[in-house]
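J.:
Protein chains: 2
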Amino acid sequence: MNTKDLAYFDRLIKLKNFSQVAAEFGVTQPTITTAIKRLETEFATKLFLRDRVHHDLTVTASGEQLAVHATEILRRLDLAHQEINRLTQRRTVLGLPPIIENHYFPRVAAHLQAQGMLENIETIDGGSIWLRNALRDGQVDLALLGSTEPLAYQTLVAEEFDRKPFNIFVSARHPLAKRKRIYFSELRHEKFVLFNNSFIHDTAFNQLARRNHFRPDVVFRARDTHIIMNLVAENVGVTYLTGLVDQRRSDVVRLDLLDDEQPEFISSIAYRTSHVLTPTQAQVLAVLRGTLEE
Amino acid sequence: MNTKDLAYFDRLIKLKNFSQVAAEFGVTQPTITTAIKRLETEFATKLFLRDRVHHDLTVTASGEQLAVHATEILRRLDLAHQEINRLTQRRTVLGLPPIIENHYFPRVAAHLQAQGMLENIETIDGGSIWLRNALRDGQVDLALLGSTEPLAYQTLVAEEFDRKPFNIFVSARHPLAKRKRIYFSELRHEKFVLFNNSFIHDTAFNQLARRNHFRPDVVFRARDTHIIMNLVAENVGVTYLTGLVDQRRSDVVRLDLLDDEQPEFISSIAYRTSHVLTPTQAQVLAVLRGTLEE
DNA sequence: AGTCGTTATAAAAATAATTTATAATGGGCC
DNA sequence: GGCCCATTATAAATTATTTTTATAACGACT
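Chains as they are written, first to last, in the numbering used here: chain Y, 66 to 359; chain U, 66 to 359.
#1: Flag this pair as yes or no: are the beta carbons of glutamine 130(U) and leucine 142(Y) separated by less than 8 Å?
#2: For phenylalanine 279(U) versus arginine 253(U), is the C-beta distance shorter than 8 Å?
#3: Which partner residues of valine 258(U) appear in the DSSP bridge assignment?
#4: Answer with yes or no whether the minimum CB distance from asparagine 104(Y) to chain U is below 8 Å.
#5: Return the residue from the list Gly355(Y), Thr356(Y), Glu358(Y), Val349(Y) that minimises the CA-CA distance to asparagine 185(Y).
#6: Nearest by alpha-carbon distance to serine 250(Y): which of Ala269(Y), Leu273(Y), Thr268(Y), Ala237(Y) is it?
#7: Going along chain U, which residues have a C-beta under 8 Å from asparagine 67(Y)?
#8: Answer yes or no: does any C-beta atom of chain U fall closer than 8 Å to that of leucine 196(Y)?
#9: Check for me: the alpha helix (DSSP H) holding asparagine 150(Y) runs from which residue to which?
#10: Measure from the C-beta of alanine 110(Y) to each C-beta in chain U and report whether the shortest distance is under 8 Å.
#11: Give the secondary structure of aspartate 75(U) by DSSP, where H, G and I count as helix, E and B as strand, and everything else as coil.
#12: Assuming the contact rule is C-beta atoms closer than 8 Å, leucine 320(Y) and arginine 244(Y) should be a hit. Round their C-beta distance to whole Å, please.
#13: Excluding the five sequence neighbours on either side, which residues of its own chain have a C-beta within less than 7 Å of the C-beta of asparagine 300(U), listed in chain order?
#14: List the residues that DSSP assigns as beta-bridge partners of glycine 160(U).
#15: In the DSSP assignment, find the unbroken alpha helix (DSSP H) run with phenylalanine 83(U) in it and report its ends.
#16: Using 8 Å for Cβ pairs, my map puts glutamate 366(Y) next to lysine 229(Y). What's the rounded Cβ distance?
#17: Along the beta strand (DSSP E) that carries alanine 351(U), what are the first and last residues, could you check?
#18: Give the residues from the stretch 123-136 of chain Y that approach chain U closer than 7 Å (Cβ to any Cβ), ordered along the chain.
#19: Who are the Cβ neighbours of threonine 188(U) in its own chain at under 7 Å, not counting the five residues just before and after it?
#20: Under a Cβ-count criterion, where at least 16 other Cβ atoms within 10 Å of its own Cβ denotes burial, should serine 22(U) be classed as buried or exposed?
#21: Mind pulling the beta strand (DSSP E) runs of 3 or more residues that sit fully within the stretch 199-248 of chain Y?
#22: Along chain Y, which residues have their Cβ under 8 Å away from the Cβ of histidine 146(U)?
#23: Counting only beta-carbon atoms, is serine 193(Y) nearer than 8 Å to chain U?
#24: Between which two residues does the alpha helix (DSSP H) containing alanine 274(U) stretch?
#25: Using a Cβ-Cβ cut-off of 8 Å, state whether tyrosine 218(U) counts as contacting chain Y.
#26: Starting from the Cα of valine 283(U), find the closest Cα among Asp289(U), Tyr305(U), Phe264(U), Arg276(U) and give me that residue.
#27: In the DSSP output, which residue or residues are listed as bridge partners for aspartate 321(Y)?
#28: CB valine 297(U) to CB phenylalanine 234(U), shorter than 8 Å?
#29: Check arginine 314(Y) in the structure and name its three-state DSSP category.
#30: When you compare only the Cα positions, how much space is there between asparagine 198(Y) and glutamate 358(U)?
#31: From valine 173(U) to valine 352(U), what distance separates their C-alpha atoms?
#32: Please report the Cβ distance between threonine 220(U) and arginine 337(U), rounded to the nearest whole angstrom; I am assuming they are in contact, meaning their Cβ atoms lie under 8 Å.
#33: Listing by chain order, which chain U residues have their CB less than 7 Å from the CB of threonine 96(Y)?
#34: Taking CB distances under 8 Å as the criterion, tell me whether arginine 141(U) reaches chain Y.
#35: Which of the three DSSP states, helix, strand or coil, is assigned to glutamate 251(U)?
As structure tokens, then:
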């Protein structure tokens with residue numbers, strides 16, 4: 066069976082139009098007709114109900130079932146291509162969320178450099194949620210990820226190495242700046258400057274807001290700690306960030322949260338279950354473990 | 066790309082011999098040579114290091130990586146075939162471990178029959194561990210499974226519906242028959258009649274034995290409750306079984322376990338994440354939920 | 001030196017996929 | 001009602017791909 070047929074099928078499931086699928090793949094329409102017929106013969110079933118009359122194409126139960134597997138098979142094939150490409154180019158892509166990068170990576174980098182392994186690594190930045198997808202889709206080999214729950218996906222191997230609370234940061238000029246500790250509910254009428262939703266900060270923040278039964282006023286979302294901190298310093302709003310954020314600045318004040326049940330920022334090392342580690346990658350992993358899990 | 070090439074590749078990874086793979090598939094040897102070369106071109110990499118001289122074939126890193134995906138792709142293809150076959154034959158295979166079948170199924174069957182759905186179902190018996198594999202491999206569509214931990218596999222959807230302790234059963238003639246409760250450690254010198262290791266009873270039993278630091282004397286393993294109970298009645302040994310086992314027999318006595326931390330028998334409804342439920346299967350599932358989860 | 005068990009290569013044969021050309025069918029439009 | 005449009009299907013011709021056949025190359029073993 067040719068995977069090209071599965072690719073045609075996969076697109077047809079979405080487009081529901083033989084001619085359009087043909088156009089997308091740069092082939093003629095009968096090609097799609099025969100490809101689907103081949104699959105129907107192979108699986109001894111109808112995959113689509115064609116009502117040419119009403120220009121209507123519906124997917125049968127068998128079609129739905131095959132679609133699930135076709136998508137996954139094509140995804141795997143793509144994954145294999147990406148992984149093998151990096152393998153032959155001796156590249157290792159390490160995904161890092163900015164906060165984890167700022168806080169942990171300098172130490173890791175020092176160790177990697179000491180072993181002459183830093184040049185084999187290419188880092189890529191992004192929120193933990195975005196990185197988890199990049200890891201799943203094969204753009205990234207290894208990643209450090211933040212999460213609010215221990216990472217439990219069968220497709221990922223995840224090793225937790227740290228766990229830190231979240232804090233509130235306010236401008237030194239803000240009335241709350243004198244406080245050391247605060248309940249989240251006291252922030253009901255504050256303006257917030259936050260990370261965007263590809264960061265787990267957003268997940269954690271929403272959990273807390275829901276528990277406290279209010280809808281916070283988010284005035285700005287950014288992808289960068291410095292931008293957020295600058296806005297907080299200017300008193301544009303307050304923010305909710307991990308204590309990991311190293312702020313040696315005098316114009317921003319950190320407050321602890323007093324809430325009983327609050328999300329934690331869990332840091333883990335992660336890679337795909339299906340990924341075969343090269344000796345270099347295994348070494349990088351060992352350095353990560355050694356440095357981070359002590 | 067042809068999946069046949071992946072099948073050849075998958076076998077070659079295991080057999081490490083082109084001619085043998087060719088023989089297995091009933092094709093000539095150059096077919097395998099060219100198939101592998103096709104894959105090597107497609108992925109722009111060497112998959113094997115051929116040392117024809119020393120009759121030695123080693124798999125490269127790229128080869129190892131592709132092997133992981135090839136195996137999974139072939140598995141999915143096989144799964145799709147099985148699922149679609151049953152779909153077109155309107156068959157639904159429900160896996161039942163004997164104990165769960167005895168205890169819960171009569172009620173479920175009554176409801177299914179009332180809705181005229183019993184004839185669409187084919188049941189298959191087996192231990193929970195065996196059934197979990199059968200479910201994964203597509204021989205079974207739906208299953209009731211026993212486990213000692215909540216089932217958390219990304220490939221399975223699992224819904225817990227009951228949780229029961231394990232008990233000790235002894236012959237009425239046994240000295241312990243007068244007791245109501247007992248510590249597992251008191252059984253150190255007993256002989257045991259148990260399920261074989263395709264049942265989670267075995268997993269649970271081993272946990273308890275390890276915690277109590279002794280290696281129990283297992284005199285017989287069976288796949289059937291009645292056989293076990295008959296042997297217990299004859300005082301061949303004692304057994305460790307869920308309280309679910311409905312024994313209205315006077316020649317066997319049930320004892321509660323007093324241990325603090327002991328495994329529980331968790332019953333769940335399970336099916337593959339990738340499986341698309343037919344309307345009938347969805348109905349069966351609804352009946353199972355309705356009857357079991359109340 | 002001859003045979004066996006390996007994998008590779010090239011040409012021929014066999015299979016399979018795609019295109020080209022055309023049919024069939026109903027909707028919409030004048 | 002006749003015409004055009006957008007559909008998918010079919011058959012024959014063409015093109016592409018896979019497999020076989022036949023043979024080479026190479027070292028181990030006898």
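Built from N, CA and C at the ideal position, the CB exists for glycine as well. Just so we're clear, the structure is a prediction, and the values are computed from it rather than from any experiment.
T.: Put simply:
#1: No, Cβ-Cβ distance for glutamine 130(U) and leucine 142(Y) is not below 8 Å.
#2: Less than 8 Å separates the beta-carbon of phenylalanine 279(U) from that of arginine 253(U).
#3: In DSSP, valine 258(U) forms a bridge with Phe285(U).
#4: Rather than asparagine, the amino acid found at residue 104(Y) in this sequence is leucine. By this cut-off, leucine 104(Y) is not an interface position.
#5: Cα-wise, what sits closest to asparagine 185(Y) is Val349(Y).
#6: Nearest C-alpha to serine 250(Y): Leu273(Y).
#7: Chain U residues near asparagine 67(Y): Met66, Asn67, Thr68.
#8: Not one chain U Cβ lies under 8 Å of leucine 196(Y).
#9: Bounds of the alpha helix (DSSP H) holding asparagine 150(Y) are 126-153.
#10: Looking at the sequence shown, residue 110(Y) is not alanine but threonine. Threonine 110(Y) counts as touching chain U.
#11: Here aspartate 75(U) carries a helix assignment [DSSP, helix/strand/coil].
#12: The distance from the Cβ of leucine 320(Y) to that of arginine 244(Y) is about 6 Å, consistent with a contact at the 8 Å cut-off.
#13: The residues are Ser236, Arg238, His239.
#14: When DSSP reads this structure, glycine 160(U) sits in a beta bridge with Ile189(U), Ala208(U).
#15: Residues 83-90.
#16: In the structure displayed, chain Y extends from 66 to 359; residue 366(Y) sits before or after that span and is not available.
#17: Counting along the chain, alanine 351(U) falls outside any beta strand (DSSP E), though it belongs to the alpha helix (DSSP H) covering 344-357.
#18: Those residues of the stretch 123-136 of chain Y that come within reach of chain U (Cβ to Cβ, closer than 7 Å) are Ala126, Ser127, Glu129, Gln130, Leu131, Val133, His134.
#19: Closer than 7 Å at Cβ, skipping near neighbours: Leu159, Leu161.
#20: Nothing can be reported for residue 22(U): it is not among the residues displayed for chain U, which extend from 66 to 359.
#21: Counting only runs of 3 or more, we get 207-212, 221-236.
#22: By Cβ distance, chain Y contributes Phe108.
#23: No, because no Cβ of chain U sits closer than 8 Å to the Cβ of serine 193(Y).
#24: Alanine 274(U): member of the alpha helix (DSSP H) spanning 265-276, first to last residue.
#25: Yes, contact with chain Y.
#26: Residue nearest to valine 283(U) within the set Asp289(U), Tyr305(U), Phe264(U), Arg276(U) is Tyr305(U) (criterion: CA-CA distance).
#27: Answer is Asn232(Y), Arg246(Y).
#28: Using a Cβ distance threshold of 8 Å, valine 297(U) and phenylalanine 234(U) count as a contacting pair.
#29: In the three-state reduction of the DSSP assignment, arginine 314(Y) falls in the coil class, being assigned neither a helical nor a strand state.
#30: Cα atoms of asparagine 198(Y) and glutamate 358(U): separation of roughly 35 Å, rounded to the nearest angstrom.
#31: Cα-Cα distance, rounded: 7 Å.
#32: In this structure, threonine 220(U) and arginine 337(U) form a Cβ contact; the two beta carbons are roughly 6 Å apart against a cut-off of 8 Å.
#33: For threonine 96(Y), no chain U residue has a Cβ inside 7 Å of its Cβ, as the nearest lies near 16 Å away.
#34: At a cut-off of 8 Å, the C-beta of arginine 141(U) has a neighbouring C-beta in chain Y.
#35: In this structure, glutamate 251(U) counts as helix in the three-state DSSP scheme.
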